[in-house]
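Let me begin by presenting the structure, written as structure tokens, before commenting on it.
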Amino acid sequence: MINLNPSACMLRLPDVIKATGLSRSSLYALIQQGKFPKQIQLSPRCVAWLSTDVESWLAERVAAARQAQTA
41 MINLNPSACM
51 LRLPDVIKAT
61 GLSRSSLYAL
71 IQQGKFPKQI
81 QLSPRCVAWL
91 STDVESWLAE
101 RVAAARQAQT
111 A
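Laid out in structure tokens, this is it:
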């Protein structure tokens with residue numbers, strides 16, 4: 041059984057674009073490069089991302105930017 045965070049929800053593409061500020065093509069390019077969490081197939085024509093995965097990715101970007109500023 042998968043143990044999910046109770047606050048985790050599924051984000052559809054427009055939500056991920058809004059949260060990250062990235063374009064659709066940029067998101068999919070980062071996924072291809074292994075630099076962004078992969079989407080989860082919900083149905084044959086529907087994908088989404090776990091909100092916790094997107095939040096973790098954003099937190100990593102913020103931490104890296106702050107570390108670069110102090111270096």
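Count along the sequence shown from 1, then add 40; that gives the number in our numbering.
Each residue gets a CB set at the ideal place from its N, CA and C atoms; glycine is no exception.
CA-to-CA distance, residue 58 to residue 65, given in whole angstroms: Pairing residue 65 with residue 58, the inter-Cα distance amounts to about 14 Å.
Per-residue DSSP class, three states only, for residue 104: helix
Per-residue DSSP class, three states only, for residue 63: It is coil, neither helix nor strand.
Inter-residue CB distance, residue 94 and residue 53 (contact presumed, cutoff 8 Å): Rounded, the Cβ-Cβ distance is 11 Å, inconsistent with contact.
Which residues DSSP lists as bridging residue 86, in chain order: According to DSSP, residue 86 bridges with 83.
Straight-line Cα distance separating residue 62 from residue 69: 11 Å
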